[in-house]
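Below: one structure, written as C-alpha cells.
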Amino acid sequence: MLVSKIRSREDAYRHDLRGYQAGFILAAILTIIPFALVASGTFSTIATLWVIGVIALIQIAVHIRYFLHVDLSPERREELYLMLFSGALVTLMIAGMLWLLFNLHTRMM
Amino acid sequence: MNVIARSLGLTWVAEYDHEHDRAASALSGFWLFMMSDLIIFGLMFATYVTMLTPMSFAGGPTPKELFELPGAALETAALLTSTYTFGMASLAIKFDRGLGKVKSWLLITLALGLVFLALEIREFAHMVAEGAVPQRSGFLSAFFGLVPLHGVHVTAGVTWLVMMLIQINRTGLTGSAKSRIARLALFWHFLDLIWVGIFSVVYLGGIA
Numbered sequence: 059m060l061v062s063k064i065r066s067r068e069d070a071y072r073h074d075l076r077g078y079q080a081g082f083i084l085a086a087i088l089t090i091i092p093f094a095l096v097a098s099g100t101f102s103t104i105a106t107l108w109v110i111g112v113i114a115l116i117q118i119a120v121h122i123r124y125f126l127h128v129d130l131s132p133e134r135r136e137e138l139y140l141m142l143f144s145g146a147l148v149t150l151m152i153a154g155m156l157w158l159l160f161n162l163h164t165r166m167m
Numbered sequence: 031m032n033v034i035a036r037s038l039g040l041t042w043v044a045e046y047d048h049e050h051d052r053a054a055s056a057l058s059g060f061w062l063f064m065m066s067d068l069i070i071f072g073l074m075f076a077t078y079v080t081m082l083t084p085m086s087f088a089g090g091p092t093p094k095e096l097f098e099l100p101g102a103a104l105e106t107a108a109l110l111t112s113t114y115t116f117g118m119a120s121l122a123i124k125f126d127r128g129l130g131k132v133k134s135w136l137l138i139t140l141a142l143g144l145v146f147l148a149l150e151i152r153e154f155a156h157m158v159a160e161g162a163v164p165q166r167s168g169f170l171s172a173f174f175g176l177v178p179l180h181g182v183h184v185t186a187g188v189t190w191l192v193m194m195l196i197q198i199n200r201t202g203l204t205g206s207a208k209s210r211i212a213r214l215a216l217f218w219h220f221l222d223l224i225w226v227g228i229f230s231v232v233y234l235g236g237i238a
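Going down the list, the protein sequences come from chains Y and H. Under the numbering used here, think of the first position of the first sequence as 59, with each following residue one higher. Under the numbering used here, think of the first position of the second sequence as 31, with each following residue one higher.
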C-alpha cells in the first residue's frame with residue numbers, strides 16, 4: 059500500500075516534470091524559429107511578420123498550458139474564463155484603437 | 031471539495047479547510063491583478079504599434095537601426111530559462127523535495143532575472159548614448175513606455191524573490207511562504223508571457 063502510494067507520487071512528480079520540460083522545449087523551438095527567420099531574411103517582410111505573429115500566439119498558448127497550468131479541465135475553468143474575458147477585452151481595445159488611429163492617419167494624409 | 035473551495039465567494043464551504051481556502055482565494059485574487067496588468071500591457075502594445083509610422087519616427091532612429099537580434103535573443107534566453115527554473119522550484123515545493131532544492135532553484139531563477147535586467151539596462155544605456163531618448167520621437171516614447179514597464183515588473187519580481195528567499199531562510203517553507211511563492215510563480219510566468227509579445231512585436235517585428 060505504502061509502496062504503491064510512493065510510486066504514484068513519484069509518477070505524479072515525473073508527470074509534472076515532463077510538463078515543464080515539454081513547455082520549455084516547445085517554447086524554445088517557437089522562439090528559435092522566428093529569430094532564425096528574421097536573421098536569415100528568407101521571406102518577404104510581410105510574410106515574416108505573419109509567421110512571427112502566428113508563432114507568438116502559439117507560444118503564448120504553450121506558456122498558458124505548461125507554465126500557468128491553465129487548460130480545458132473543469133478545475134481550471136475560472137482561470138480559463140478570466141483569461142478569455144481579459145483576452146476579449148484586450149483584443150477589442152487593441153483592434154479598436156488601431157482601427158481608429160490608422161483610419162484617422164489615412165484621412166489626414 | 032477543493033473545486034468548490036477554490037471559488038471566490040463560497041466561504042461557507044471552506045470552514046473546515048480554512049488555510050487551503052485562504053491560499054486559493056489569494057491565488058484567484060492574484061489572477062485578477064494579472065489580468066488587469068495584461069490590459070495595461072495590451073494598451074501599451076497598441077500605442078507602440080500606432081507609433082510605427084514614418085511620421086512618428088520624426089526623423090529619429092527607426093526600429094531597424096536601433097534593435098539588434100543577438101541582444102534580444104540573449105534576453106529572451108535568460109527569461110525563458112528562468113521561467114523553467116522557477117517551475118523546478120515550484121515542483122520541489124509541491125513534492126516536498128526539501129528546502130535546499132527549493133532555495134537553489136530560486137537562486138538560479140534570481141540570477142537569471144538579474145542577467146536579464148543587466149542586459150536590458152545595457153541596451154537602454156546604449157540607446158541613450160546614441161541619442162535615442164524617450165523625448166526624441168513618438169516611437170521612442172512608446173518604446174520607453176512599453177519595454178521598461180516590463181523591466182520594472184521584472185525588477186519587482188526580483189525584489190519579491192529576494193524577500194521570499196529571506197523568508198524561507200528564516201522560517202522554512204511555512205504555509206504562508208508556499209502561498210506567496212505560488213503567486214510569485216504566476217507573476218514570473220506571466221512576465222515571460224508578456225516578453226513573448228515584446229520580442230515578437232518590438233524586436234522581431236522591428237528588425238524584419
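Every residue gets a Cβ at the ideal spot worked out from N, C-alpha and C, and that includes glycine. Just so you know, these numbers come straight off a predicted model, no measurement behind them.
Considering Ser86/H, what are the terminal residues of the alpha helix (DSSP H) in which it resides?
For Ser86/H, the enclosing alpha helix (DSSP H) starts and ends at Pro84 to Phe87.
Helix, strand or coil for Val163/H per DSSP?
If DSSP states are grouped into helix, strand and coil, Val163/H belongs with coil.
Chain H contact for Val112/Y (CB, 8 Å cutoff)
So, not an interface residue.
Quick check on the DSSP output: the alpha helix (DSSP H) that includes Thr103/Y runs from which residue to which?
Where Thr103/Y is concerned, the enclosing alpha helix (DSSP H) stretches over Thr103 to Tyr124.
Let's test the definition: count the other Cβ atoms within 10 Å of the Cβ of His127/Y and tell me whether it reaches 16, buried, or not, exposed.
The residue is buried, with at least 16 neighbouring Cβ atoms inside 10 Å.
Quick check: is the beta carbon of Arg67/Y nearer than 8 Å to any beta carbon in chain H?
So, interface residue.
Find the residues of chain H that neighbour Ala119/Y, judging by a C-beta separation of less than 9 Å, and give them in chain order.
Within 9 Å Cβ-Cβ: nothing; Ala119/Y doesn't reach chain H, min ~10 Å.
Output, in sequence order along the chain, the residues in the region 128–154 of chain H whose CB is closer than 9 Å to any CB in chain Y.
Against chain Y - using a Cβ distance shorter than 9 Å - the region 128–154 of chain H contributes no residues.
Of the residues that make up the region 76–96 of chain Y, which ones have a beta carbon closer than 7 Å to any beta carbon in chain H?
Contact annotation: in the region 76–96 of chain Y, residues whose CB is within less than 7 Å of a CB in chain H are Tyr78, Phe82, Ala85, Ala86, Thr89, Pro92, Phe93 and Val96.
Once DSSP output is grouped into helix, strand and coil, what is the label at Glu98/H?
If DSSP states are grouped into helix, strand and coil, Glu98/H belongs with coil.
CA-CA distance, Gly81/Y and Thr185/H?
So the two alpha carbons sit approximately 24 Å from each other.
Give every residue of the same chain whose Cβ lies closer than 8 Å to the Cβ of Phe60/H, excluding the five residues on either side of it in the sequence, and list them in chain order.
Counting only Cβ-Cβ distances below 8 Å, and skipping sequence neighbours, we find Arg213, Leu216 and Phe217.
Contact belief for Leu203/H with Leu129/H at Cβ below 8 Å, rounded distance in angstroms
Yes, Leu203/H and Leu129/H are in contact; Cβ-Cβ is about 6 Å, under 8 Å.
Under 8 Å between the Cβ atoms of Leu195/H and Met151/Y?
Met151/Y sits away from Leu195/H, with the two beta carbons spaced by 8 Å or more.
If the cut is a Cβ gap below 7 Å, which residues of chain H does Tyr139/Y touch?
Within chain H, no residue has its CB atom less than 7 Å from the CB of Tyr139/Y, the nearest being about 11 Å off.
Residues of its chain near Gly168/H, where Cβ-Cβ distance is below 6 Å and the 5 sequence neighbours each way are ignored:
Taken in chain order, the residues that qualify are Met81 and Ser86.
If contacts are defined as beta-carbon pairs under 8 Å, then Leu221/H and Val188/H qualify, I think. What distance do you get, rounded to the angstrom?
A Cβ-Cβ separation of about 10 Å leaves Leu221/H out of contact with Val188/H under the 8 Å criterion.
Please report the distance separating the alpha-carbon of Phe229/H from that of Ala114/Y.
CA-to-CA, the gap between Phe229/H and Ala114/Y works out to about 9 Å.
Among Ile122/Y, Asp69/Y, Val96/Y and Ile116/Y, which residue has its Cα nearest to the Cα of Tyr139/Y?
Ranking Ile122/Y, Asp69/Y, Val96/Y and Ile116/Y by CA distance to the CA of Tyr139/Y puts Ile122/Y first.
With 16 other Cβ atoms within 10 Å as the buried cut-off, status of Met193/H
Classification for Met193/H: exposed.
Run through chain H and tell me which residues come within less than 9 Å of His163/Y, C-beta to C-beta.
Chain H residues near His163/Y: Thr80, Thr83 and Met85.
Measuring CB atoms only, is the region 115–134 of chain H touching the region 96–104 of chain Y, in the sense that at least three cross pairs come out at less than 8 Å?
The region 115–134 of chain H is not in contact with the region 96–104 of chain Y.
Hey, out of Leu136/H, Val163/H, Leu234/H and His156/H, whose CA is closest to Ile211/H's CA?
Nearest option by C-alpha distance: Leu136/H.
Nearest chain Y C-beta to Leu222/H closer than 8 Å, yes or no?
Checking the displayed sequence, the identity of residue 222/H turns out to be Asp instead of Leu. Judged by the 8 Å Cβ criterion, Asp222/H is in contact with chain Y.
Within 8 Å, strictly: CB atoms of Glu153/H and Gly235/H:
No. Outside cutoff.
For Ile118/Y and Val226/H, believed in contact at Cβ under 8 Å, the rounded distance:
Going by Cβ atoms, the distance from Val226/H to Ile118/Y rounds to 6 Å, so yes, they are a contact pair.
Between the alpha carbons of Arg165/Y and Ala76/H, how many angstroms are there, rounded?
Cα to Cα, Arg165/Y sits roughly 20 Å from Ala76/H.
Among Asp67/H, Ser58/H and Ala88/H, which residue has its Cα nearest to the Cα of Glu133/Y?
Of Asp67/H, Ser58/H and Ala88/H, the residue nearest in Cα terms is Ser58/H.
Provide the residue span of the alpha helix (DSSP H) that contains Met151/Y, from first to last.
Boundaries of the alpha helix (DSSP H) harbouring Met151/Y: Arg135 to Met166, taken from the DSSP string.
Can you tell me whether Arg65/Y is buried or exposed? The criterion is at least 16 other CB atoms within 10 Å of its CB, across all chains shown.
Arg65/Y is exposed by the Cβ-count criterion.
Step through the CB atoms of chain Y and report whether any lies within less than 8 Å of the CB of Val190/H.
In the sequence on display, residue 190/H carries Trp and not Val. Residue contact check for Trp190/H against chain Y: no CB pair falls below 8 Å.
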